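Colleague: Numbering (our numbering), first residue to last: 790 to 1284.
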């Protein structure tokens, strides 16, 4: 959330990870984004929203470059048809579309997975293992599981070359990370190691932020990749037929799908972003299955079989790809039109006149706060108000406590709510952001004698809308079948 703007603007937030007591956040990862963020903040000093989108554009470009290497490698090793299918899905599936520009360590690991997999298929094991190290140390340490197959096989191919490459990259990156952490935390520590120890030791009480059943990622995978996800899971099933084509290299590249899904499904706290590292591999696996359709019916003794059923299987390849891309477009359209209200509402703040040092208050919608990039200068404070959430929320960064080296007393290693995180005097709120749904209870903003609506945009009600129609945009039926609430920006009336 707010930590992402900490090194770019004066609007600062601090979460548990940036407390020097725990030192869980890698400042090296944040500083990497200054490559674009710092020049953009100079260029657009009067418009922080443009800085936000400049960083997103940079992340999207990184995704394009790493995916390009992967597609080129697929083309050279398995042919242009498979590579073309993979390219189409990498560009247009809903999951990749949104993950590619997300400012998250898991997205960075996704870029590294694409690049490492491509280099591995191009028979560059030393380069592949170095990229894997970068994805783990600079990106998301837990993604080490997703990099294991490529790493181990690279070592088995050219042990000395790959080992030296991995060791040198690890030493350099860890040294840079530790020195950067020392500069910001004011003590010698390793945020990479701290994060691993903290989570392996069971810290965090992550269940406070919600738990899901073991099938969550299967449902989520289908929503974001539709039939592409189903085909990707079937990759192991086609190996007996396509073993000569895809084993062992492509199997090594795709195997993290099963490892990562299995591991993540065992964790009680689940989030969509946790699957980001394997998103490109889902597209590759599905492409391999589609490309192999004719092999299901072709005689192993006659590779040039041109029977009717083989011809039909060939025709089905573009048909299935088109179905996947259409469903992906329907999913993307539904997400953009159903859930974009928070971003749009916060943008309206910039164009509204108000007194300096105004207070913007947010209750249960804290998790959709887009970041301080969207908060205009006349808003002096963003405050949370208690709507029943019992987890720890970000605090405004307080430079008087010691800057980034501070260890504020209100943070705790169990992520339990602090009494100080909420604004108890709601009368101090100038603005209020809330989601009003069709429920039997009233919200704060329903009191029109106190609050004046400034902006109200429709927001898809997940609980009251049918799963099929809310997940995918179906022309004429999407708006008719779904139920919508109103995402509102309200201002306190003056007396």
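Just so you know, even glycine gets a beta-carbon here, dropped at the ideal spot from N, CA and C. Quick caveat: nothing in here was measured; it's all calculated off a predicted structure.
1) Using 8 Å as the threshold, is the region 1044-1059 in touch with the region 1096-1109, meaning 3 or more CB pairs across them?
2) Just the C-alpha distance for residue 1059 and residue 1002, rounded to the nearest angstrom, thanks.
3) To test your reading of the DSSP string, which unbroken alpha helix (DSSP H) runs of 4 or more residues are found completely within the region 905-992?
4) For the candidate residues 1079, 1007, 1086, whose alpha-carbon lies nearest to that of residue 1055?
5) Assuming the contact rule is C-beta atoms closer than 8 Å, residue 1043 and residue 1024 should be a hit. Round their C-beta distance to whole Å, please.
6) Does the region 981-990 come close enough to the region 1025-1043 to have 3 or more Cβ pairs within less than 8 Å?
7) What first and last residue would you give for the beta strand (DSSP E) that runs through residue 1147?
8) Compute the distance between the beta-carbons of residue 1178 and residue 1160, then report whether it is under 8 Å.
9) Please report how far the alpha carbon of residue 1243 lies from the alpha carbon of residue 1140, in whole angstroms.
10) Considering only residues of the same chain and omitting the five flanking positions on each side of residue 817, which have a CB-CB separation below 7 Å?
11) Confirm, please, whether the CB-CB distance from residue 944 to residue 890 is below 8 Å.
12) Return the CA-CA distance between residue 1280 and residue 1144, expressed in angstroms with no decimal places.
13) By the three-class DSSP mapping on this structure, what secondary structure does residue 1276 have?
14) In chain order, which beta strand (DSSP E) runs of at least 3 residues are fully inside the region 1015-1048?
15) For residue 855, which residues of its own chain have a beta-carbon under 7 Å away from its beta-carbon, when the five flanking residues on both sides are left out?
16) So the alpha helix (DSSP H) residue 1101 belongs to, where does it begin and stop?
17) With residue 1046 and residue 1074 assumed to form a contact (beta carbons below 8 Å), what rounded beta-carbon distance in angstroms separates them?
18) Do residue 1261 and residue 1130 have their beta-carbon atoms positioned less than 8 Å apart in this structure?
19) Closer than 8 Å is the cut-off here; do at least three beta carbon pairs connect the region 1246-1255 with the region 1183-1191?
20) With a threshold of 6 Å on Cβ separation, who are the neighbours of residue 1165 within its own chain once the five nearest residues in sequence on each side are excluded?
21) When the Cα atoms are used, what is the spatial distance from residue 999 to residue 1206?
22) Going by C-alpha to C-alpha distance, which of 1084, 1183, 1072 sits closest to residue 886?
23) For residue 1221, which beta-bridge partners are listed by DSSP?
24) Pull up the distance between the alpha-carbon of residue 942 and that of residue 911, whole angstroms please.
25) Please work out which residues of its chain come closer than 6 Å, Cβ to Cβ, to residue 1127, disregarding the five sequence neighbours upstream and downstream, and give them in chain order.
26) When the Cα atoms are used, what is the spatial distance from residue 1246 to residue 1080?
27) Tell me which same chain residues have a C-beta within less than 6 Å of the C-beta of residue 797, skipping the five on either side of it?
28) Helix, strand or coil, according to DSSP, for residue 1255 in the structure here?
Modeller: Checking against the coordinates, here is how it stands:
1) no
2) Taking the chain shown and counting its residues from 1, the one referred to as residue 1059 is at position 270. Taking the chain shown and counting its residues from 1, the one referred to as residue 1002 is at position 213. Cα to Cα, the separation comes out at about 9 Å.
3) 914-923, 933-946, 948-974, 980-989
4) For the purposes of this step, residue 1055 is identified with residue 266 of the chain shown, where counting begins at 1. Here the closest residue by C-alpha is 1007.
5) In the chain shown, the residue the question calls residue 1043 occupies position 254. In the chain shown, the residue the question calls residue 1024 occupies position 235. Their Cβ separation, rounded to whole angstroms, is 6 Å, which keeps residue 1043 and residue 1024 in contact under 8 Å.
6) no
7) On the chain shown, residue 1147 is found 358 positions in, with the first residue counted as 1. Residues 1147-1151.
8) Indexing the chain shown from 1 puts residue 1178 at position 389. Indexing the chain shown from 1 puts residue 1160 at position 371. The Cβ atoms of residue 1178 and residue 1160 lie no closer than 8 Å to each other.
9) Counted from its first residue, the chain shown places residue 1243 at position 454. Counted from its first residue, the chain shown places residue 1140 at position 351. Each residue's alpha carbon lies about 11 Å from the other.
10) Locating residue 817 in the chain shown gives position 28, where the first residue counts as 1. Excluding positions up to five away in sequence, the list reads 927, 965, 966, 969.
11) The sequence position of residue 890 within the chain shown is 101, counting from 1. The sequence position of residue 944 within the chain shown is 155, counting from 1. Taking C-beta atoms as the reference points, residue 890 and residue 944 fail to come closer than 8 Å.
12) Looking up residue 1280 in the chain shown gives position 491. Looking up residue 1144 in the chain shown gives position 355. Taking the straight line from one Cα to the other gives about 12 Å.
13) Translated into the one-based positions of the chain shown, residue 1276 becomes position 487. Strand at residue 1276.
14) none
15) The residue you call residue 855 lines up with position 66 of the chain shown. Closer than 7 Å at Cβ, skipping near neighbours: 900, 903, 904.
16) Here residue 1101 corresponds to residue number 312 of the chain shown, with the count starting at 1. Run containing residue 1101: 1097-1128, per the alpha helix (DSSP H) assignment.
17) Here residue 1046 refers to the residue found at position 257 of the chain shown. Here residue 1074 refers to the residue found at position 285 of the chain shown. Indeed, because the Cβ distance is near 6 Å, the residues count as touching under 8 Å.
18) Counting from one through the chain shown, the residue named residue 1130 turns up at place 341. Counting from one through the chain shown, the residue named residue 1261 turns up at place 472. No, Cβ-Cβ distance for residue 1130 and residue 1261 is not below 8 Å.
19) no
20) On the chain shown, position 376 is the one that residue 1165 refers to. Around residue 1165: 1138, 1139.
21) As a working mapping, residue 999 is identified with position 210 in the chain shown. As a working mapping, residue 1206 is identified with position 417 in the chain shown. Residue 999 and residue 1206: Cα-Cα distance of roughly 14 Å.
22) On the chain shown, residue 886 is found 97 positions in, with the first residue counted as 1. Closest by alpha carbon: 1072.
23) What you label residue 1221 is simply residue 432 of the chain shown in a count that begins at 1. DSSP, once it has assigned bridges, lists 1150, 1279 as partnering residue 1221.
24) As a first step, residue 942 is located in the chain shown; it is residue number 153 there, counting from the start. As a first step, residue 911 is located in the chain shown; it is residue number 122 there, counting from the start. Between residue 942 and residue 911, the C-alpha separation is close to 14 Å.
25) Locating residue 1127 in the chain shown gives position 338, counting from the first residue. Contacts found: 1249.
26) Locating residue 1246 in the chain shown gives position 457, where the first residue counts as 1. Locating residue 1080 in the chain shown gives position 291, where the first residue counts as 1. Between the alpha carbons of residue 1246 and residue 1080 lies a distance of about 44 Å.
27) Taking the chain shown and counting its residues from 1, one reaches residue 797 at position 8. Any reading at residue 797 must be qualified, since the residue scores a pLDDT of 48, below 50, and its modelled position is unreliable; the value itself is stated next. Same-chain partners within the cutoff: 826, 830.
28) Locating residue 1255 in the chain shown gives position 466, counting from the first residue. Three-state DSSP puts residue 1255 in coil, outside helix and strand.
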